Amino acid sequence: MSSKIAGQVSDFNPEEYFDKKDIKKLDIYTQFALVAAREAVKDANLTDDNYDSFRAGCIIGAGIGGIWTFQEETAKFISKGPRRVSPFFIPKMISNIAAGHIAIEHKLKGINFNVSSACASANHAIGTSLRAIQYGDADIIVSGGAEGAVNPMALAGFAAMKALSTRNDEPQKASRPFDKDRDGFVMGEGAGMIVMEELEHALARGAKIYAEIVGYGATCDAYHVTAPADGGEGSARAIDAALNEATLSPEQVDYFNAHGTSTPLNDKNETAAIKTIFGAHTKDLAINSTKSMVGHMLGAAAGVEAIVCCLSIRDSKIHATINAETPDPNCDLNYTPNNPIERNVDIAISNSLGFGGHNSAVIFKKYNK
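Just so we're aligned, residue 34 is where the sequence shown starts under the working numbering, counting upward by one.
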């Protein structure tokens, strides 16, 4: 295999979080999802007596789902025959099962489903959760994304597409978004979950509010299965739609968390999309790529990046895009190279793209009482 590197959650021990009998029933991506959801629910101080379980839901993004389970059970089928396939095969593998397990654990009896739009999955899940709350279908939704695809089959598939970095001798430098010497993404894994809540409901129970979600845009390139449209026009339309919903001008945006995968095509076209929307304001816009540090978590990526946006707003800090060493003339914006900065952030955008031409943008705003 050409790529031999990945961003693994190397210190994750399922036995710290689950009974041994339950571990056998949960793919690693569902384990990640459950642990992240527990942290989010605890941080939000959700208890049985401060929300209506029938108006609480869960919408989770997963681009692939239980690929470890698929690989293991397929190998068992081939080597030992169909009678040796586990009865847990299907309920462990399906990509919606993480949302189901989270709902069971936290008694979330309202809206519940999975969003699968490749690497835009978590952003679409968050945007769809926003719509459900706006439409009055829920008061609270646990949302975000999870993925556990640091796996031989997944890596082989992406390597065959030449999507992965082959900088195997320097893994710490392999993910280098917007750098001239980038050669593909580094596979990551994990989960990022947030608790989304209708504002008046949150205020009534004294919730800690990190930020407001004020805009969401979703479009499709309808151009190519894996390549973004030239000039990032589809992504630009998604960002524009989110700004229009939020009634914000491009000049009001302080921080842009880019999809920034470290692939030649994505970074070039995402840069073009940013220029299309922000024009002269691009010189004042702080941009970064979280994937430079953690790799590309596929369907989970935007869940983590939503948290990054919220914490950047709270802490007035923007993390660096690491491994920015050789400027690319096609990627000539301020990507916060190598060192973090302190900056007041009132408005942040999280941008995501996915195979299939999926584009999504979510806008976070500092909450002012």
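Ideal Cβ positions, reconstructed from N, Cα and C, are used throughout, including at glycine.
Given the structure is predicted, the values throughout are model-derived calculations rather than measurements.
Counted within 10 angstroms of its Cβ, other Cβ atoms place residue i as buried (16 or more) or exposed
i	result
LEU67	buried
VAL258	exposed
GLU49	exposed
ARG88	buried
TYR288	buried
LEU59	buried
MET229	buried
ASP254	buried
ARG116	exposed
PRO360	exposed
THR107	exposed
THR80	exposed
TYR62	buried
ILE123	exposed
ILE111	exposed
Cut-off 7 Å between Cβ atoms - residues of its own chain near residue i, not counting five sequence neighbours on either side
i	result
PHE103	MET126
VAL247	ALA279, ILE396, LYS398
LYS109	ARG117, VAL118
PHE146	ILE92, ASN129, ALA132
SER86	LYS140, LEU141, LYS142
Residue i versus residue j - alpha carbon distance
i	j	result
GLY181	TRP101	8 Å
ALA353	PRO210	11 Å
HIS157	GLY336	10 Å
GLN64	LYS308	39 Å
LYS113	PRO185	20 Å
VAL378	LYS402	16 Å
MET330	ASN290	15 Å
ASP348	ILE227	17 Å
SER149	GLU375	35 Å
HIS234	MET34	51 Å
GLY312	ASP76	38 Å
ASP202	ALA240	47 Å
GLY98	ASP214	31 Å
PRO47	ARG238	33 Å
ALA193	ASN78	45 Å
LEU425	ILE242	Given a span of 34 to 402 for the chain in the structure shown, any question on residue 425 remains unanswerable.
VAL327	ALA189	20 Å
ILE56	GLY96	22 Å
GLY267	ASN384	12 Å
LYS206	ALA73	31 Å
ASN371	LEU344	19 Å
ILE320	PRO373	11 Å
ILE272	ASP44	36 Å
ILE144	GLU105	32 Å
ALA357	ALA381	22 Å
PHE51	ASN302	43 Å
ARG71	LYS53	18 Å
ILE351	GLY160	23 Å
THR369	ILE346	16 Å
ARG200	ILE355	15 Å
VAL175	GLU138	12 Å
Cβ distance (whole Å) where residue i is taken to contact residue j below 8 Å
i	j	result
ALA244	TYR84	Not quite, the Cβ-Cβ distance comes to about 20 Å (not below 8 Å), so this is no contact.
LEU366	THR294	Not quite, the Cβ-Cβ distance comes to about 16 Å (not below 8 Å), so this is no contact.
GLY250	ALA155	That belief does not hold up - the Cβ atoms of GLY250 and ALA155 are roughly 15 Å apart, past 8 Å.
SER208	SER36	The pair is not a contact, with the Cβ atoms about 12 Å apart (cut-off 8 Å).
THR323	VAL341	5 Å
VAL286	LEU318	6 Å
LEU163	HIS292	That pair is no contact at about 19 Å.
ALA339	GLY90	So it is not a contact: roughly 17 Å between Cβ atoms.
ALA275	ALA394	4 Å
ALA153	HIS391	4 Å
Proximal residues to residue i (C-beta, below 6 Å), its chain only, five neighbours per side dropped
i	result
ILE166	GLU231
ASP300	PRO210, PHE211, CYS364
GLY217	ALA196, LEU197, SER198, THR296
ALA224	PHE65, ALA66, ALA69, ALA179, ALA333
PHE121	LYS58
VAL183	ALA39, GLN41, MET220, GLU222
ALA306	GLY265, SER268, ALA269
PHE191	LEU197
TYR256	ALA262, GLY390
Distance cut-off 7 Å: residue i Cβ against heavy atoms of the ligand COA
i	result
PRO370	In the structure on display, the ligand COA does not appear, and there are no ligands present to speak of.
Sequence-distant residues of its chain with Cβ nearer than 8 Å to residue i (five each side left out)
i	result
PRO204	ILE38, VAL219
GLY389	SER150, ALA151, CYS253, VAL258
ILE310	ALA269, ILE272, ASP273, LEU276, PRO283
LEU298	ALA260, PRO261
Tell me whether the stretch 279 to 286 and the stretch 167 to 178 touch, counting them as touching only if at least three CB pairs, one residue from each stretch, are closer than 8 Å. Between the stretch 279 to 286 and the stretch 167 to 178 there are fewer than three inter-stretch CB-CB distances shorter than 8 Å, so the stretches are not counted as touching.
Are three or more beta carbon pairs between the stretch 355 to 373 and the stretch 131 to 143 nearer than 8 Å? The stretch 355 to 373 makes no contact with the stretch 131 to 143: fewer than 3 CB pairs, one atom from each, lie closer than 8 Å.
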